[in-house]
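Numbering (the working numbering), first residue to last: 42 to 353.
C-beta: ideal position from N, C-alpha, C; glycine also.
Quick caveat: nothing in here was measured; it's all calculated off a predicted structure.
Structure, as structure tokens:
As structure tokens, this is what we get:
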């Protein structure tokens with residue numbers, strides 16, 4: 042009876058502690074994110090924002106990427122430090138989470154966001170944005186913002202190996218919000234949250250990429266993504282993410298890519314970009330571990346069982 046009581050208390054305590062360990066979605070980096078996974082190595086070719094406002098920015102940059110994995114609630118928290126210019130420039134985020142997908146973007150994906158995804162894909166001549174070897178995109182989230190009053194918009198699509206996957210408008214929100222999106226397609230994956238704090242005036246500049254300055258940026262674009270929305274079905278696993286800034290028509294790729302492009306200028310026409318031809322990896326990896334609560338619970342119960350046996 043005493044063992045059952047302590048077992049129940051241990052379980053409740055571990056699960057409660059894990060459930061409380063979640064970043065606050067507001068566009069400001071929480072300590073939970075820890076150290077950056079990757080830091081920008083290239084000065085921005087899309088303008089260095091100097092406004093210091095939470096909503097409007099006059100430049101775009103991606104300074105660093107962070108992730109926090111809530112395995113208990115099955116949510117990936119992603120934080121991209123930097124700015125997204127409020128002229129409807131695009132932040133393109135691709136996820137490789139399972140077998141299959143597209144190493145070179147096809148031209149017959151979902152037409153969501155006014156055909157933006159297909160604007161980067163094959164136009165019938167054998168081109169199409171190509172990722173590094175070993176990266177096959179399975180999902181995409183596109184983010185853009187601007188207007189008066191300012192609004193942030195998000196879209197989602199699944200990239201099937203043979204094309205023709207679904208895509209939906211996720212909705213809109215304001216700057217420095219809780220990330221809850223409104224007005225989206227009712228068929229869209231539920232639970233995705235997105236927000237931005239555009240107030241950064243540090244990080245990389247138009248002429249220099251100081252890694253310490255980039256790693257010090259604490260505001261930017263923040264997402265909470267349920268595992269189910271990007272096809273994470275089993276843990277532990279490792280996923281790959283490629284993120285970059287694109288033009289307002291998904292038609293002119295900047296040099297702000299994570300991982301970085303080693304100091305290159307803007308990459309231009311997306312259909313002609315092949316990341317495999319650029320040194321280094323133009324993606325970063327996130328480890329999705331087993332739920333810490335279950336590991337700790339197993340260790341705790343094993344300890345209690347051993348203690349109970351010694352007392353018998």
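Query raised in the report: Where does residue 296 land, buried or exposed, given buried means 16+ other C-beta within 10 angstroms?
Result: The residue is buried, with at least 16 neighbouring Cβ atoms inside 10 Å.
**Report entry** Residues near residue 302 in its chain [Cβ-Cβ closer than 6 Å; skip 5 each side]
**Finding:** 83, 296 and 319
Query - Secondary structure of residue 184, DSSP reduced to three states - result: strand
Query raised in the report: Are the CB atoms of residue 207 and residue 216 nearer to each other than 8 Å?
Result: no
Report task. Within its chain, find whatever has a CB closer than 7 Å to the CB of residue 346; leave out the 5 residues flanking it on each side and keep chain order. Result -> With a pLDDT of only 42 at residue 346, under 50, the local geometry of the prediction cannot be trusted, and no value is derived from it.
Query raised in the report: Can you name the start and end residues of the alpha helix (DSSP H) that residue 153 belongs to?
Result: 153 to 160
Requested in this report: Could you give the DSSP three-state label for residue 98: helix, strand or coil?
Outcome: coil
**Report entry** Classification of residue 102 by the beta-carbon crowding that lies within 10 angstroms, buried from 16 upward
**Finding:** buried
**Report entry** Local Cβ density within 10 Å of residue 90, reported as buried at 16 or more and exposed below that
**Finding:** buried
Query raised in the report: Going by alpha carbons, who is nearest to residue 193 out of 262, 313, 171 and 300?
Result: 262
Report task. For the beta strand (DSSP E) containing residue 230, list its first residue and its last residue. Result -> First-last for residue 230: undefined, no H or E at that position.
Query raised in the report: If you draw a straight line from the alpha carbon of residue 130 to that of residue 332, how long is it in whole angstroms?
Result: Rounded to whole angstroms, residue 130 to residue 332 spans 37 Å at the Cα level.
Requested in this report: Under 6 Å Cβ to Cβ from residue 109, same chain only, skipping five residues before and after it: list those, please.
Outcome: 64, 73, 74 and 118
**Report entry** Other residues of its chain near residue 291: CB distance less than 6 Å, five sequence neighbours each side excluded
**Finding:** 131, 157, 160 and 161
**Report entry** Proximity of residue 104 and residue 123 at Cβ, strictly below 8 Å
**Finding:** Taking 8 Å as the Cβ cut-off, residue 104 and residue 123 qualify as a contacting pair.
Requested in this report: Quick one: which unbroken alpha helix (DSSP H) runs of 4-plus residues sit fully inside the region 234 to 306? Chain order, please.
Outcome: 252 to 257
Report task. Specify, as a first and last residue, the run of the beta strand (DSSP E) that residue 326 falls within. Result -> 325 to 329
Query raised in the report: Going by other Cβ atoms of all chains shown within 10 Å of its Cβ, with 16 needed for buried, is residue 77 buried or exposed?
Result: Buried, by the Cβ-count rule.
Requested in this report: Just mark residue 150 as buried or exposed, buried being the case when its beta carbon has 16 or more other beta carbons within 10 Å.
Outcome: buried
Query raised in the report: Once you ignore the five residues that flank residue 100 on each side, which residues in its own chain have a CB closer than 7 Å to its CB?
Result: 85, 87, 88, 89, 90, 124 and 126
Requested in this report: Kindly list the residues whose CB is nearer than 6 Å to the CB of residue 80, restricted to its own chain and excluding five residues on each side of it in sequence; keep chain order.
Outcome: Setting aside the 5 residues that flank it on each side, residue 80 is surrounded in the same chain by 105, 252, 255 and 256, each with a C-beta closer than 6 Å to its C-beta; the list follows chain order.
Report task. Decide if residue 283 is buried, meaning its Cβ has at least 16 other Cβ atoms within 10 Å, or exposed. Result -> buried
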